[in-house]
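Final position of the sequence shown in the numbering used here is 189; the numbers increase by one with none missing. Taking it in order: structure first as structure tokens, then the write-up.
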Amino acid sequence: MAPNLPESGRKTANTIQLPYRHEKLPRLAEGSKIQKRAIPRRQQPASSNERLIYVSSSTPFMSVVKRVRKQLDRSLQGRAPSTKKLSLAQRVNLLNRDTSTVGESNCEVLVLGTGKAIEKTLSVASWFEQQPDCQVQVRTRTVATVDDVVIEGDEFGGDESRKRKMMSTTTMIPYSDDPARGPRW
5 MAPNLPESGR KTANTIQLPY RHEKLPRLAE GSKIQKRAIP RRQQPASSNE
55 RLIYVSSSTP FMSVVKRVRK QLDRSLQGRA PSTKKLSLAQ RVNLLNRDTS
105 TVGESNCEVL VLGTGKAIEK TLSVASWFEQ QPDCQVQVRT RTVATVDDVV
155 IEGDEFGGDE SRKRKMMSTT TMIPYSDDPA RGPRW
């Protein structure tokens, strides 16, 4: 049974307020066109625990999967501490010590895609979600990018810039040390 709300308390299609209202960009002047700039990218992180892989809509799917798997495997090889200058007792203690804790992951790969590449990043996330040794997190965000408005026949070069917003997804794929998730491959 529907709750009895007074007429003023009912929500109709005309009274629903959205928290964010998208504002359209102004129309272009006659004889002008938009020249798109490249989207600003993050720098590769200085720490070796996190890797960035940028995906475009034309990047082959298995190529991205192989790159991610290679980065995960490469970061696992570097996790073992050096035993070169340790005594025999310290080496034995290091072998007996359980260094992996459940849920802890020291290496992760970020797969980034914007615009038409969002579908590709979600496909990669879905593929790695089915792998027993990976846990996947997907985050969406909005990226601001700048486009140039070029006016034809302008002698003074008075170009304008306009800012637009694009959707972007970040797929974080950490290697899971949890033995309950199963063996690798």
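C-beta: ideal position from N, C-alpha, C; glycine also. Remember, it's a predicted structure, so these values are computed and weren't measured experimentally.
Look at the Cβ atom of residue i, then the Cβ atom of residue j, and state whether they are nearer than 7 Å.
| i | j | result |
| --- | --- | --- |
| Gln141 | Met176 | yes |
| Val59 | Gly119 | no |
| Asp151 | Lys37 | no |
| Ala121 | Ser61 | yes |
At the level of alpha carbons, what is the spacing between residue i and residue j?
| i | j | result |
| --- | --- | --- |
| Val113 | Pro178 | 6 Å |
| Tyr111 | Arg143 | In the sequence on display, residue 111 carries Cys and not Tyr. Roughly 18 Å separates the two Cα atoms. |
| Gln94 | Ala148 | 52 Å |
| Arg46 | Ser91 | 43 Å |
| Gly107 | Leu98 | Confidence at Gly107 is low in this model, with a pLDDT of 40, below 50, so its placement is unreliable and the value that follows should be read with caution. So the two alpha carbons sit approximately 21 Å from each other. |
| Thr87 | Asn100 | 14 Å |
| Pro64 | Ser130 | 15 Å |
| Phe132 | Glu27 | 37 Å |
| Thr146 | Lys89 | 49 Å |
| Thr174 | Gly35 | 38 Å |
| Arg166 | Arg25 | 18 Å |
In three-state DSSP terms, what is residue i?
| i | result |
| --- | --- |
| Lys88 | coil |
| Ser172 | strand |
| Thr125 | helix |
| Gln39 | strand |
| Arg71 | helix |
For the putative contact between residue i and residue j, defined by C-beta atoms under 8 Å, what is the C-beta separation to the nearest angstrom?
| i | j | result |
| --- | --- | --- |
| Ile57 | Val72 | 6 Å |
| Arg168 | Leu29 | 7 Å |
Closer than 8 Å is the cut-off here; do at least three beta carbon pairs connect the stretch 150-157 with the stretch 117-128? When Cβ pairs closer than 8 Å are counted between the two stretches, the stretch 150-157 is seen not to touch the stretch 117-128, the count staying below three.
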